[in-house]
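111 is the number that the working numbering gives to position 91 of the sequence shown; each next residue is one higher, with no gaps. No residue lacks a Cβ here, since even glycine has one placed at the ideal position from N, Cα and C. This structure is a prediction, so every number in the text was calculated from the model and none was measured.
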Amino acid sequence: MRRRDDPAVWASVLFAANFLFMRFSAVPNANITASVPLVLGWVFLAWRRGLITVDGMRLRWWLAGAGLSALLPLAQLWFVAGVDVSIGSWALWVTLWLPTVFRFVDASKATFVRACSGVGWIGLAISLLSLAFVGSQALGVPYRDYFADIVPQPFQVGFFATTAPISWGSPIHKSNAWLALEPSFLSFLLGVALIAAVIARLKWWVPVVILAGIFSSFAGSGLALLTVAVVILFLTGRAAALARPLLGGVLLFAIASMTPLSSIVFGRVGELNEGQSSTALRATLPYQALWPEFSHSLPGMLVGYGAGTSRRLIEGTSVLGLLVPNPARLIFDYGLIVGAVLLAMLVVAHLRTPVPALSLSILASFLLLQAATQPMINALVVVGSLWAPAAYRLPVRPARGSNRPAASPSSDPGVVVERDPLGASTS
């Protein structure tokens, strides 16, 4: 296979470009990241070269969600008073998730592992940049947004908290590695890269440096991602396949908890019920803010209040940093019926991925904590939907005393069981 037609290379390039261009505006003076046309262009080129194909089932779900939500305003205008539909909000949302309709033609074990390797090495480079961001400030170099200095303002995406001091009055800012829209975006992408590096069995120091990069962002999204991934590994019985990396990660977390990072980063783990904390602003407060408006009308609950309405209501609260989680947005804007279809569309696109602990942890983040933003969705596409249905799974260690045969042997221990694209065993 020629390198330019290698799916692993294409996936790695998309992951890298997604980071490099996320602060660029898609069009001048518009707050739409260049990651949107980037992934659409990538999908078109990959499809033309025969590297990806349309997944029929996911296409049907996407068409059902897009079609029903497009027709929904007819019912909303008839049954719900004061509906204000944003066509742009609807169009952007269905466009954001359009890439999940496609999958690689070659979703084999070797190809996926090489893609994870590429993502891991890219994550290492991003981590080194992030460590340079924080390290330079620790050495006395004042923070400066070089991206904003170099790129003309009309070509920058605005309305994002690019960075902030790690604590009140501190001269050191949270790292966005100069190129991420926010430190939380950087932390999230590095969390994906770290899991990919572990799956690819990269040298031990690569995940260590990536984890240091996550710490340098002083944001919790990457750590939350890692936590959910570990939980899924244990629940699915696949933690034993990655026992050594998991043990090493636990030791690193234990060491980090005894440093000043403990209060700045790890202290956010228990902040869910702490007033207007970052976690509460994403996980609980949006529902509290939307529930009175949502529940006052039965027709509104069933058919929704119009695309973009939930965001306008949240912005009207004047609570800085308050986000609209995807379930809240879909159910409020499109109602219980169509909203459920749209949520199912997201879940279906990520069933039977190679490593559920990777793709489902990212999907869970979107459903519980993160708004739908293209840079983060692109990371999920690179390691998730493009590879489903999976060609293999991480092996499950048989229970003690069980007569069930172990996973089929492989030269790469602890990673794969070969299957055909439909999930049937090839052994």
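- In the three-state scheme derived from DSSP, where H, G and I count as helix and E and B as strand, V344 is classed as coil.
- When the Cα atoms are used, R221 and L214 turn out to be separated by approximately 11 Å.
- Per DSSP, V74 lies in no alpha helix (DSSP H); the unbroken beta strand (DSSP E) holding it starts and ends at 72-74.
- With a cut-off of 8 Å on Cβ pairs, the region 335-353 is not in contact with the region 70-81, counting fewer than three such pairs.
- Taking the CA atoms as reference points, V177 sits about 16 Å from A197.
- The region 189-209 makes contact with the region 158-168; the number of CB pairs closer than 8 Å reaches 3 or more.
- Within the region 21-49, the complete alpha helix (DSSP H) segments of 4 residues or longer fall at 27-40, listed in chain order.
- The Cβ neighbour count for S315, taken over all protein chains shown within 10 Å, is under 16; the residue is labelled exposed.
- Counting along the chain, F167 sits inside the alpha helix (DSSP H) bounded by residues 166-170.
- Judged by their CB atoms, S187 and V154 are not nearer to each other than the 8 Å cut-off.
- As summarised for the region 79-136, the continuous alpha helix (DSSP H) elements at least 4 residues long and confined to that stretch are 107-116, given in chain order.
- Residue pairing for H193: DSSP places it in a beta bridge opposite P185.
- Distance from the CA atom of A111 to the CA atom of S237, rounded to whole angstroms, is 32 Å.
- Around the beta carbon of V270, fewer than 16 other beta carbons lie within 10 angstroms, which makes this residue exposed.
- Counting of Cβ neighbours within 10 angstroms places P306 among the buried residues, the total reaching 16 or more.
- Taking T182 as the centre and dropping the five residues before and after it, the same chain places the C-beta of N196 closer than 6 Å to its C-beta, in chain order.
- A distance below 8 Å separates the beta carbons of L378 and I219.
- Annotation: the continuous alpha helix (DSSP H) that includes I334 extends over 329-336.
- Separation of L245 and V212 (C-alpha to C-alpha, rounded to the nearest whole angstrom) is 8 Å.
- By the criterion of at least three beta-carbon pairs nearer than 8 Å, the region 52-65 is in contact with the region 112-123.
- Rounded to the nearest whole angstrom, the CA to CA distance from I357 to L201 is 34 Å.
- Bounds of the alpha helix (DSSP H) holding F64 are 55-68.
- If you draw a straight line from the Cα of H370 to the Cα of C136, it comes to about 17 Å.
- Exclusion of the five residues before and after G328 leaves S106, S109 as the residues of its chain whose Cβ lies within less than 6 Å of its Cβ.
- Beta-bridge annotation (DSSP): Q176 is paired with F44.
- In the assembly as shown, S150 is a buried residue. Its beta-carbon has 16 or more other beta-carbons within 10 Å.
- Rounded to the nearest whole angstrom, the CA to CA distance from F180 to Q394 is 14 Å.
- If you check the CB distance, I230 and A249 do not come in under 8 Å.
- Burial state of R80 is exposed, judged by a 10 Å Cβ sphere holding fewer than 16 other Cβ atoms.
- The Cβ-Cβ distance between S45 and F205 does not fall below 8 Å.
- Take the alpha-carbon of G85 and the one of L362: they are about 5 Å apart.
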